[in-house]
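Quick note: the sequence shown uses UniProt numbering, first residue 1, plus one each step.
First the structure, in the form of structure tokens, and then the observations on it.
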Amino acid sequence: MILTVLGAVALGLAALGVARKVYQPPSLAGRPASGSLPVSRDTALGRATLDFIEPDPGLSGVAPLLDGRAAFAARVALIRAAEQSLDIQYYIWQRDVTGLMLIAELQDAADRGVRIRLLLDDHGSPALDADLAALDAHPMIEVRLFNPFIMRRLRMASFLFDFSRLNRRMHNKSLTADGAATIVGGRNIGDIYFAFGDGTHYIDTDVFAVGQIAAEVADDFDRYWDSCSAHPAARILARPGRDSWKALGTATKAACATPHYQNYVRDLDLMSPVGAFLARAADLERSNVALVSDHPAKGLGRARRNQLLFHRLIRRIGQPLHSLDLISAYFVPGRGFSRALRTLAGRGRRVRVLTNSQQATDVLVVHSAYVRYRPRLLDAGVELFELKATRPEPTQQAERGVKRRVVVGSSRSSLHSKSLSVDGQRVFIGSFNFDHRSLDLNTEMGVLIDSPRIAAGIDRAFAVRIPETSYRPRRAHDGTLEWEDPDRPGTVLRVEPDTSWPSRAALTVLGWLPIEWLL
């Protein structure tokens, strides 16, 4: 019996070894070379940008994109405004209505002669293989896949023999047009990120920016595009059929030809700062803005400490003197960062953190790791806010003289934003969650903005809006935890709010697993 088991184990290990040899990413030899195009007065975006930065070329113009619908509008407008190039980098691109709509915009851009480079993490778009192959076949579009799965139909099985590589993902998110204007932040591509339809909607933050920061994002895109993890899609995906381009166009038209979508896109052009910028009417804030990102070598576990976003960010912001406001959808601070937050609070700095409640999170196992750090953070004076999953009903909102109904769909929301405000002066907005996965495994990016105005907005949110929509955990007199519910003043909850005992039991069991380093 023992020999049989040992033989089976040996056979299994041998099979994994063979699979590891057979299913290797293809060679990068002969991969086409290309680079970002410089800003030019030959394009409308280039002219507007060069005019904007003329008083001080070292500054950038920025505008936060807080509303999901406005974030979608900005992407559509930026793609439509592109005349020379589009460099696009995302972790997730869903094959839903907004995802297909943006694919249709890329098709139109390519047909009018815009060069498009599309770099996607291969884990985040499993339903797009045929669509990406069709896009890649267009002479103006090149698609590359970051850390691709070689077994296309048995992706999860690939982890058995290639875990160390496939466990590292490209979490970056950017869209840059004509080297002049860019959108960077926390949103991927899909209905859930753009407040479309029913179901859960993510609360998130992006930044529309022009000037020096767009050039930095373009250079960073080149580093990822030319990295050892970025493989030409044509070497990974099946060849597209003869009518694949036409079939993709049919799919995008069908997805968008619904009354719900038509209502969603009504007045869309009025919600984007891109058109206003081209008309020289945008209210962009002039500021020092710096890109902070991981080196793409992190995608293979080869980045040095000084090439990692977190350590670069800490060096830039230094020690907070008065306050630190942190918003992170998935908050697993680890021992080191937890100790740093407790130390800051102990020295009299105000430290406030917003994350998801158990009720609102979409990744329960991450919450199970967060709760380990919650008691000591509270004891040190760190103020914790846990977002509720409910969202306000649709409202009437006026913008530039147009009154619109803001379509929000269902009443459930989940935090997906990642931002940091230091001393009411500087703000970091990007893809970086304050957890082990962002710190050690995934590649990330974001922008550090010198902006008391944007920082003041975060401070106001923590002062008013966040307490109105979040549970407040605190220590009870007996040493256990309790929660304040803003919807029920005076009521104290003694268990994780709005959860069932099976979900709390699952949370406990997940917390026993030694997997925090993966989260």
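Just so you know, even glycine gets a beta-carbon here, dropped at the ideal spot from N, CA and C.
These figures come from a predicted structure and were not determined experimentally.
Query raised in the report: When the Cα of F208 is compared with those of L513, I79 and I515, which residue comes out closest?
Result: I79
Report task. With DSSP as the reference, please indicate the residues paired to T182 in a beta bridge. Result -> Beta-bridge annotation (DSSP): T182 is paired with T176 and A209.
Query - Close-in-space but distant-in-sequence residues of the same chain around L66 (CB under 8 Å, 5 per side omitted) - result: Sequence-distant Cβ neighbours of L66 in its own chain, meaning closer than 8 Å and more than five residues away, are T205.
**Report entry** The beta strand (DSSP E) enclosing A63, as first and last residue numbers
**Finding:** S60 to L65
Query raised in the report: Shortest alpha-carbon distance to L344 belongs to which of D362, Q319, G334 and F331?
Result: Checking every option, the nearest Cα to that of L344 belongs to Q319.
Report task. Grab the span of the beta strand (DSSP E) containing R352 for me, first residue to last. Result -> It spans R350 to N356 - the beta strand (DSSP E) in which R352 sits, taken as one unbroken run.
Requested in this report: Kindly list the residues whose CB is nearer than 7 Å to the CB of A506, restricted to its own chain and excluding five residues on each side of it in sequence; keep chain order.
Outcome: L364
**Report entry** Where the alpha helix (DSSP H) through W512 begins and ends
**Finding:** W501 to W512
Query raised in the report: Which of helix, strand or coil does DSSP assign to E516?
Result: helix
Report task. Pick helix, strand or coil for S125, following the three-state DSSP scheme. Result -> coil
Requested in this report: Check K418 in the structure and name its three-state DSSP category.
Outcome: strand
Requested in this report: Less than 8 Å between the CB atoms is what I'm expecting for P126 and R144, so what's the real figure, rounded?
Outcome: Wrong, their Cβ atoms sit about 16 Å apart, outside the cutoff.
Requested in this report: Check P473 in the structure and name its three-state DSSP category.
Outcome: strand
Query raised in the report: For S413 versus I327, is the C-beta spacing smaller than 8 Å?
Result: Going by C-beta atoms, S413 is not nearer than 8 Å to I327.
Query raised in the report: How many angstroms separate the CA atom of T182 from the CA atom of F72?
Result: 13 Å
Query raised in the report: Who does T443 pair with in a DSSP beta bridge?
Result: M170
Query raised in the report: Rounded C-beta distance between D459 and D325? I'm assuming under 8 Å.
Result: 7 Å
Requested in this report: Apply the 10 Å Cβ neighbour rule to Q397 and answer buried if 16 or more other Cβ atoms are within range, or exposed otherwise.
Outcome: The pLDDT assigned to Q397 is 33, lower than 50, so where the model puts this residue is not dependable, and the model offers no usable value.
Query raised in the report: In angstroms, rounded to a whole number, what distance separates the CA positions of G61 and R286?
Result: So the alpha carbons of these two residues sit roughly 5 Å apart.
Query - Beta-carbon separation (whole angstroms), D178 vs A279, contact threshold 8 Å - result: D178 to A279, Cβ: 17 Å. No contact.
Query raised in the report: Going by Cα to Cα distance, which pick from A130, G124, I103 and H123 is closest to R117?
Result: I103
Query - Same chain only: Cβ atoms within 6 Å of G511, ignoring 5 sequence neighbours per side - result: S368
Query - Whole-angstrom C-beta distance between F221 and T176, which should lie under 8 Å - result: 7 Å
Query raised in the report: In this structure, does DSSP put H201 in helix, strand or coil?
Result: strand
Query raised in the report: If you draw a straight line from the alpha carbon of A234 to that of P333, how long is it in whole angstroms?
Result: 39 Å
Query raised in the report: CA-CA distance, V402 and L384?
Result: Only weak support exists for where V402 lies, its pLDDT of 30 falling under 50; the value from the coordinates is given anyway. In a straight line, the C-alpha of V402 is about 38 Å away from that of L384.
Query raised in the report: Are the segment 42 to 60 and the segment 188 to 206 touching, with three or more C-beta to C-beta distances below 8 Å?
Result: No contact exists between the segment 42 to 60 and the segment 188 to 206.
Query raised in the report: Is the beta carbon of P240 sitting closer than 8 Å to the one on A329?
Result: no
Query raised in the report: Within 10 angstroms of its Cβ, does W501 collect 16 or more other Cβ (buried), or is it exposed?
Result: exposed
Requested in this report: Spell out the partners DSSP gives L45 in its beta bridges.
Outcome: DSSP lists no partner for L45.
**Report entry** residue 522, enclosing alpha helix (DSSP H) - first and last residue
**Finding:** The requested residue 522 does not occur in the structure, where the chain is confined to residues 1 to 519.
Query raised in the report: To the nearest angstrom, how far is it from the Cα of Q107 to the Cα of L135?
Result: 8 Å
Requested in this report: Could you say which of R472, V39, V265 and P25 lies nearest to F161 if we only look at CA atoms?
Outcome: P25
Report task. Check Y90 in the structure and name its three-state DSSP category. Result -> strand
Query raised in the report: With 16 as the cutoff for other CB atoms within 10 Å, does P139 come out buried or exposed?
Result: exposed
Query raised in the report: In chain order, what residues of the same chain have a beta carbon less than 6 Å from the beta carbon of S244, not counting five sequence neighbours either side?
Result: A134
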